[in-house]
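**Student:** Taking full-length UniProt numbering, the leading residue of the sequence shown gets 1, the next gets one more, and so forth. Attaching a single structure in structure tokens format; questions to follow.
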Amino acid sequence: MSDNPRKIKQWLYPVAAIAAIIVVAGGSFLAFQSKNNAVTQPPGNVSSANAANSASNGVVDPGSSLEGRPAPQFTLTDQFGKTVSLSQFKGKVVVLAFVDSECTNICPLTTESMMRALQMLGPRAAKDVQLLGINANPQAVSISDVKTYSENHNMMNSWHFLTGSDSQLKSVWKNYYIYDQIVNGQIDHTPALYIIGPNGKEQYLFMTPPQYAAVDAQASVLAEQVAKFLPATVKPQLTTVAYHAPTISPAVQTALPLADGAGAAHIGPGHPQLLVYFASWSQNVKQNLQALDTYAGSKGAPATIAIDVLPTEPNNQPNERLLKAVNPQHYQIALDKTGDVTDAYHVSDLMWITLTDGHGHIIWSHDGWLPIQTLSTKVQAALQKTHG
């Protein structure tokens with residue numbers, strides 16, 4: 001049973017609206033499926049054996065060649081309030097992503113893959129690469145909006161996150177074939193990432209996969225493709241990171257390391273469990289985790305575990321300050337270092353609440369936080385229905 005009014009905000013695309021992106025110069029065709037692993041690549045566009053190996057599972061996007069279409073120009077404003085134009089980065093490889101400034105699901109996977117790709121390339125290569133983001137949220141276009149996202153993801157000095165007026169942004173979205181609509185009050189946009197060569201021409205288009213465990217593998221492919229356009233004197237030593245689908249499931253007991261290093265949390269069959277998936281950048285995360293402690297200590301509450309999803313955290317590390325501030329007494333905080341557990345439990349946003357019945361079945365889930373009384377009512381109703 002699912003109780004998710006927002007559902008998968010940016011991972012399901014109306015088929016009629018974005019059935020395809022037509023790249024005029026190269027004639028490439030990119031089709032979308034209206035499912036989570038939403039990209040079907042055209043034949044012949046995988047550019048290296050390594051990329052092909054990484055993407056052989058159909059999860060990691062190897063990229064679609066755009067064959068040198070001139071990148072449409074734009075001038076917008078970044079998180080510091082400074083005017084930024086694409087043209088000022090000619091001579092560098094530009095990694096350009098379209099990011100919702102309030103996104104809590106797929107955009108953090110996009111930006112974290114960008115950051116990790118840059119780290120894989122190394123400091124020398126990074127001097128010839130520029131990360132850019134363009135705001136894809138028509139409802140949150142202020143400088144403070146893009147600044148807050150940049151701060152939350154530890155990217156303030158790592159990229160330019162650009163925004164502008166409604167007409168400015170719509171013009172850029174149109175020029176880059178970005179579908180962007182408000183669906184049921186939520187932002188629904190194409191999770192596109194472009195590689196633009198030093199000559200100002202588009203080289204590759206990627207769609208971010210929604211699997212948390214795929215962040216490093218997607219970053220590896222990005223790094224490989226960026227490396228092709230670096231100066232000949234810059235030769236980063238790259239090691240391909242392959243994606244491996246999770247082999248676990250809610251029906252199998254799994255151990256996750258505790259955030260305090262004092263052992264492990266065990267999730268899976270045995271007894272009902274409430275699992276709360278979060279990241280340090282989740283909205284109101286400190287207050288919500290503190291409220292969770294109140295609930296977890298109440299009569300009738302199932303065993304509760306909060307899980308920090310590290311693939312979305314800067315540098316794949318937990319926020320120690322946050323964890324010390326929360327310091328729960330009635331539940332454990334565990335770390336999902338790979339994203340495997342998060343994917344296996346079908347999490348598609350952060351925060352995300354999952355209730356299991358003790359027999360390896362997910363009996364209720366919710367996208368986002370809930371007031372304690374509402375949470376208690378929903379959990380008890382689901383448990384009673386299961387045991388009823």
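Ideal Cβ placement from N, Cα and C applies to all residues, glycine included.
Nearest CA to the CA of residue 389: which residue from H346, A296 and G197?
**Tutor:** This structure leaves residue 389 out entirely; the chain is present only between 1 and 388.
**Student:** Apart from the five residues just before and just after N50, which ones in its own chain have a Cβ nearer than 7 Å to its Cβ?
**Tutor:** A caution first: N50 carries a pLDDT of 45, below 50, which makes its placement in the model too unreliable to give a value.
**Student:** Taking 7 Å as the cut-off, decide whether the C-beta atoms of M114 and L86 are in contact.
**Tutor:** Not a contact, by the Cβ cut-off of 7 Å.
**Student:** In the DSSP assignment, what residue or residues form a beta bridge with T254?
**Tutor:** I267.
**Student:** Helix, strand or coil: which one does DSSP assign to Q211?
**Tutor:** Looking at Q211 - three-state DSSP - the assignment turns out to be coil, as it is neither helix nor strand.
**Student:** Straight-line CA distance for G270 to T354?
**Tutor:** Distance between the alpha carbons of G270 and T354: 16 Å.
**Student:** Looking at V215 and E313, is the spacing between their C-beta atoms short of 7 Å?
**Tutor:** No. Outside cutoff.
**Student:** Where does G68 sit, in a helix, a strand or coil, going by DSSP?
**Tutor:** G68: strand per DSSP, three-state reduction.
**Student:** Which whole-angstrom value is the C-beta distance of P272 and D357, which I expect to be below 8 Å?
**Tutor:** Contact holds; Cβ gap of about 6 Å.
**Student:** Determine the direct distance from the alpha carbon of T254 to that of I248, and round the result to whole angstroms.
**Tutor:** One C-alpha to the other measures close to 8 Å.
**Student:** Mind checking P250: buried by the 16 CB within 10 Å criterion, or exposed?
**Tutor:** Buried, since its Cβ has 16 or more Cβ neighbours within 10 Å.
**Student:** Answer with buried or exposed for R321, where buried requires no fewer than 16 other C-beta atoms within 10 angstroms of its C-beta.
**Tutor:** So R321 ends up on the exposed side.
**Student:** By the 10 Å Cβ neighbour count, where 16 or more other Cβ atoms means buried, how is N252 classified, buried or exposed?
**Tutor:** One detail in the question is off: residue 252 reads as Val in this sequence, not Asn. With fewer than 16 other Cβ atoms within 10 Å, it is exposed.
**Student:** Who are the Cβ neighbours of F89 in its own chain at under 6 Å, not counting the five residues just before and after it?
**Tutor:** So the qualifying residues of the chain are Q130.
**Student:** Of all the alpha helix (DSSP H) runs that stay within the bounds of the stretch 320-372, which reach a length of 4 or more residues?
**Tutor:** Within the stretch 320-372, the complete alpha helix (DSSP H) runs of at least 4 residues are 320-326 and 340-344.
**Student:** Note down the Cα distance separating V59 from K299, rounded to an integer number of angstroms.
**Tutor:** Rounded to the nearest angstrom, the two C-alpha atoms are 42 Å apart.
**Student:** Determine, using beta carbons only, whether T110 and L350 come nearer to each other than 7 Å.
**Tutor:** No, Cβ-Cβ distance for T110 and L350 is not below 7 Å.
**Student:** Would you mind working out which of T338, Y345, I305 and W364 sits nearest Q329, comparing C-alpha positions?
**Tutor:** If we check each option's Cα against that of Q329, I305 comes out closest.
**Student:** DSSP three-state label for A97, please.
**Tutor:** The answer is strand: DSSP assigns A97 an E or B state.
**Student:** Residue ranges of each alpha helix (DSSP H) run of no fewer than 4 residues wholly in the stretch 123-189, ordered along the chain?
**Tutor:** Runs of the alpha helix (DSSP H) inside the stretch 123-189: 143-152 and 166-175.
**Student:** Should S65 go down as buried or exposed, given a rule of 16 or more other Cβ atoms within 10 Å for buried?
**Tutor:** So S65 ends up on the buried side.
**Student:** From the DSSP output, read off the bridge partner residues of L383.
**Tutor:** Bridge partners of L383: none, in fact.
**Student:** Could you pull out every residue in the same chain whose Cβ sits closer than 6 Å to the Cβ of P43, ignoring the five residues on either side in sequence?
**Tutor:** Model confidence at P43 stands at a pLDDT of 30, short of 50, so the residue's coordinates are unreliable; what they give is reported in the following sentence. Excluding residues within five positions, none has a Cβ falling inside 6 Å.
**Student:** Relative to the C-alpha of M120, which candidate in V276, V221, A264 and I333 has its C-alpha closest?
**Tutor:** Among V276, V221, A264 and I333, the Cα nearest to that of M120 is on V221.
**Student:** Looking at the secondary structure, which residues open and close the alpha helix (DSSP H) in which Q290 lies?
**Tutor:** It spans V285 to A296 - the alpha helix (DSSP H) in which Q290 sits, taken as one unbroken run.
**Student:** Straight-line CA distance for M207 to P318?
**Tutor:** When rounded, the distance between both Cα atoms is 27 Å.
**Student:** For D308, which residues does DSSP report across the bridge?
**Tutor:** DSSP lists F278 and L335 as partners of D308.
**Student:** On the DSSP bridge assignment, give the partners of F206 in chain order.
**Tutor:** Per DSSP, L193.
**Student:** For G133, count neighbouring Cβ atoms within 10 angstroms of its own Cβ and tell me buried if that reaches 16, exposed if not.
**Tutor:** So G133 counts as buried.
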